[in-house]
Amino acid sequence: MTADTNTDLDTAQLPPPAEKSARALARARKRRSVARFWREYRTHRSGLWGLAGLILIALIAICAPLLVGADSQSVTDAPGGALEAPSGEFPLGTDQFGRSVLALLVWGARVSLTVGLLAAFLCVAIGTVVGIVAGHFRGWYSTVLMRVTDWFLVMPTLVLAIALATVMSRSIWTVILAIGVTTWPTTARLVRAQTLAVESRPYIERARALGGGHRHIMLRHVLPNVMPLVLAQTTLVISGAILTEATLAFLGLGDPTITSWGGMLQDAREAGAVSAGDWWYLAPPGLAIALVALAFTLCGRAIEAVLNPKLGVAR
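So for the sequence shown, the UniProt record's numbering puts the first residue at 1; every next one is plus one.
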């Protein structure tokens with residue numbers, strides 16, 4: 001094979017110059033959008049505080065084996081006595097088995113963050129699909145989907161989650177599923193309203209006139225325009241998911257083999273920490289739940305303010 005033939009083959013494998021330049025322009029536009037978003041986000045002090053708190057908690061959860069040891073959850077190898085008060089060896093005291101409450105708190109961050117993130121992803125995914133489909137298709141499609149959404153919306157979310165967690169096996173995946181399938185209606189309502197607003201714009205009519213099908217319009221035009229709303233809603237849903245997981249664990253419906261902040265509160269109640277005044281067993285997991293929920297809420301409010309400046313959220 002000659003050199004000219006090799007050159008022709010290499011040239012044939014390269015993308016056309018127009019396609020290459022279009023991709024480069026798209027990447028540059030995305031980079032500018034991300035940079036512009038970060039510049040706006042940095043102007044919200046509360047959002048920065050929330051983001052810093054989340055990064056710190058995430059690092060603690062990831063480095064849990066290095067910080068407190070992999071055997072700190074063991075009941076048989078507990079290093080201390082039952083319900084010891086805070087001391088130099090145990091800064092947050094011990095539980096009824098003699099385990100360090102600080103170590104349990106660090107390990108519990110993993111479960112609480114995992115449940116919050118995965119349950120929120122499931123919730124937002126279901127709500128986004130239902131909202132876009134209900135907003136794009138009119139007639140009986142939208143009517144049926146919205147009636148189902150209204151039924152879930154008027155039913156107490158916690159009651160539905162408790163019912164699902166009761167009839168299914170007690171595991172972390174049951175908790176995630178119970179939270180995800182019961183908290184999506186609010187997201188669906190918001191996404192449907194945004195979808196209706198997007199589809200009333202002229203470029204949607206032009207896309208239909210040029211032969212764009214339902215899939216093309218929903219994926220290429222509607223979904224990118226509702227994603228900012230979905231992103232802001234996700235950060236707000238995560239805090240609610242973490243609180244719901246703590247509630248289910250406190251009611252004894254969580255996985256008893258793992259350590260979570262809600263499970264710590266349940267164990268403290270069963271150990272009589274409330275009546276005995278053992279505050280070091282009750283306060284740390286409760287404060288951790290509140291701080292994480294607050295951090296996600298601050299981030300969500302900041303993101304919402306950046307994506308929709310008309311809201312005028314305080315900085």
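We put the beta carbon where it would ideally sit given N, CA and C, even for glycine.
Whether residue i touches residue j by CB criterion (8 Å)
i, j, result
"Ala82", "Gln96", "yes"
"Gly98", "Gly80", "yes"
"Val222", "Glu245", "no"
"Ala249", "Gln266", "yes"
"Ala283", "Gly47", "no"
"Tyr281", "Val101", "yes"
"Ile176", "Val115", "yes"
"Ala293", "Ile242", "yes"
Exposure of residue i, with buried meaning 16 or more beta-carbon neighbours within 10 Å
i, result
"Leu287", "exposed"
"residue 325", "For the chain, the structure presents residues 1 to 315; residue 325 sits outside this window and is missing."
"His136", "buried"
"His44", "buried"
"Arg42", "exposed"
"Val124", "buried"
"Leu219", "exposed"
"Thr166", "exposed"
"Ala120", "buried"
"Ala273", "buried"
"Leu253", "buried"
"Asn308", "exposed"
Same chain, Cβ closer than 6 Å to residue i, neighbours up to 5 away in sequence not counted
i, result
"Phe152", "Pro185"
"Ala268", "Tyr281, Leu282"
Neighbour flag for residue i against chain C, beta carbons, 8 Å
i, result
"Ser142", "Among the protein chains of the structure shown there is no chain C, as only one such chain exists."
Contacts around residue i, its chain only, beta-carbon distance under 7 Å, and the 5 residues preceding and following it disregarded
i, result
"Ala78", "Phe97, Gly98, Arg99"
"Ala295", "Gly50, Gly53, Leu54"
"Pro285", "Leu105, Gly108, Trp261, Met264, Leu265"
"Thr235", "Phe296, Cys299, Gly300, Ile303"
Boundaries of the alpha helix (DSSP H) in which residue i is found, first to last residue
i, result
"Gln233", "223-250"
"Leu54", "45-62"
"Pro91", "Counting along the chain, Pro91 falls outside any alpha helix (DSSP H), and DSSP gives it neither H nor E."
"Leu196", "185-199"
"Pro284", "279-307"
"Leu253", "Segment: none, Leu253 is in no alpha helix (DSSP H) and carries neither H nor E."
"Gln266", "261-270"
"Glu84", "Glu84 -> no alpha helix (DSSP H), and no H or E assigned at all."
"Arg147", "140-154"
Residues near residue i in its chain [Cβ-Cβ closer than 8 Å; skip 5 each side]
i, result
"Leu158", "Thr244, Thr247"
> Is the stretch 248-257 touching the stretch 159-178, taking contact as three or more C-beta pairs under 8 Å?
Replying inline: A contact exists between the stretch 248-257 and the stretch 159-178.
>> Pairs of beta-carbons, one from the stretch 226-238 and one from the stretch 186-196, closer than 8 Å: are there three or more?
In response: The way I'd put it, the stretch 226-238 does touch the stretch 186-196; three or more beta-carbon pairs between them come closer than 8 Å.
>> Could you check whether the stretch 201-218 touches the stretch 139-159, counting it as contact only if at least three pairs of C-beta atoms, one from each stretch, sit closer than 8 Å?
In response: no
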